[in-house]
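In what follows, a structure is listed as structure tokens, so that the remarks can point back to it.
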Amino acid sequence: MTNQMPIGGRAEILAQNGRVPEALALLHDAAASKDPDACFSLALWHLAGRFVPRDLARTRAYLRAARELGDADAAAMEIALTANGTGAPADWSGALRLLRGAALRNSTAAAELKLVEAMDLADDGKPTRLPKAEQLVPDGAVIRFQNLLTAGECELIAQAAAGWLEPAVVVDPRTGQQVRHPHRTSDGAVLGPTRETLPIRAINQRIAAISGTATEQGEALIVLRYAPGQEFRPHLDALPNTHNQRVITVLVYLNDTNGGETRFPTYGLDVKPRMGDAILFRNTLPGGSPDPRAIHAGAPVTQGVKWLATRWIRARPFDVWSGPESAA
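Each residue of the sequence shown is one higher than the one before, starting from 1 at the first, in this note's numbering.
Next up, the structure:
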């Protein structure tokens with residue numbers, strides 16, 4: 001093990017070899033000596049509950065220390081967790097102050113701040129204006145909101161996901177191994193709470209507003225990329241054997257696409273992707289059981305690439321660190 005390796009990497013190797021107390025001592029000593037990498041590593045360990053018990057308050061404290069020592073990644077994560085309420089009550093104003101400070105030193109933060117400042121937001125980051133709802137089917141089960149997102153917001157979401165895209169997979173119940181998704185052939189990325197930048201947090205709150213739900217009911221934003229020929233075959237978003245059902249789905253088209261329509265066969269409806277537009281549909285009947293009319297598909301892309309953001313909204317708010325099934 002070389003001393004030229006960053007302190008976090010050295011501690012990781014020690015911990016993986018069963019020398020957790022030694023690894024923690026190394027990190028704590030370095031953090032006390034104001035090493036930003038040690039502070040950030042301790043934040044990540046406490047956030048994930050890896051090698052140490054999960055402690056979100058300590059996560060925030062170590063992120064703050066790393067940010068004050070100039071760590072840009074820690075600064076970005078602290079902004080996200082401040083806004084979404086990880087380890088402390090959600091604080092939009094506090095997150096905005098942190099972003100303004102980061103924007104003085106970091107071009108990515110400056111671009112995010114520019115987007116946020118162009119949004120019509122209240123003091124808590126929630127939208128003050130929304131586009132009109134357009135019913136696409138007679139019973140009102142499928143609704144479109146034109147221009148829910150700007151072109152810049154669509155581009156930001158796609159860029160945020162680009163480095164994290166992976167092939168869609170499911171767990172094979174026979175083997176327990178991950179295999180390619182049998183119905184969805186796209187690549188996808190999850191923009192979870194540590195990746196929920198302030199613009200994305202504002203967009204998630206906008207999605208909550210158009211659906212009449214609390215932001216805390218929404219799962220993490222999922223971004224999908226479909227290449228030519230890729231598709232999502234007919235399916236329902238409602239889940240089996242859940243205590244907190246996906247009652248609403250919101251799809252946001254991040255670019256214009258040839259092909260790739262969202263199809264609702266029950267209604268004979270095809271929705272053409274148009275940048276910034278969103279469609280909302282309900283997945284359950286009034287009693288809470290899955291609604292068979294909500295079956296839908298993503299048609300094959302015929303030319304170019306289709307980018308889509310998906311947010312599944314549960315029946316009740318939940319703690320993102322405990323999961324949707326933990327909801328009371």
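Backbone N, C-alpha and C fix where the C-beta goes; we use that ideal spot for every residue, glycine too.
Proximity of the region 223 to 238 to the region 152 to 172 meets the contact definition, three or more beta-carbon pairs being nearer than 8 Å.
Residue range 36 to 48 is occupied by the alpha helix (DSSP H) that includes H46. In this structure, DSSP gives D187 an extended state, which the three-state scheme calls strand. Shortest Cα-Cα distance from D139 to any of H243, L269, D120 involves L269.
Straight-line spacing of the CA atoms in A66 and W321 works out to 22 Å. Under the DSSP assignment, V142 falls in the beta strand (DSSP E) whose first and last residues are 142 to 145. Where D73 is concerned, the enclosing alpha helix (DSSP H) starts and stops at 72 to 84. In this chain, V247 is not harboured by any alpha helix (DSSP H); it is covered by the beta strand (DSSP E) spanning 246 to 253. The DSSP assignment places complete alpha helix (DSSP H) segments of no fewer than 4 residues inside the region 107 to 153 at 107 to 117, in order along the chain. By the neighbour-count criterion, in which 16 or more other beta carbons inside 10 Å mark a residue as buried, G212 falls on the exposed side. A direct Cα-Cα distance of roughly 18 Å separates G8 from A76.
In terms of CA proximity to T242, E325 leads the group R195, A48, I207, E325. Shown here for T302: same chain residues with a beta carbon closer than 7 Å to its own, the five before and five after excluded, namely P228, N258, G259 in chain order.
DSSP places I279 inside the beta strand (DSSP E), whose first and last residues are 278 to 282. Under the 10 Å beta carbon count, I13 is surrounded by fewer than 16 other beta carbons and is classified as exposed.
In the displayed model, G9 falls within a helix according to three-state DSSP. Secondary structure at N258: strand, using DSSP grouped into helix, strand and coil. Sequence-distant partners of D124 (beyond 5 residues in either direction) whose C-beta falls short of 6 Å from its own C-beta, in its chain, are W92. Taking the Cα of V52 as reference, the smallest distance to any Cα among C39, V20, A72 is reached at V20. The Cβ-Cβ distance between L98 and T82 falls below 8 Å.
In the DSSP assignment, L239 falls outside any beta strand (DSSP E) and carries neither an H nor an E. Sequence-distant partners of R58 (beyond 5 residues in either direction) whose C-beta falls short of 7 Å from its own C-beta, in its chain, are H46. In this structure, I248 places its C-beta atom within 8 Å of the C-beta atom of I313.
When the five nearest sequence neighbours on each side are left out, no beta carbon in the same chain lies closer than 7 Å to the beta carbon of P89.
The Cβ-Cβ distance between R233 and A297 falls below 8 Å. By alpha-carbon distance to D71, the top candidate from A238, G101, A209 is G101.
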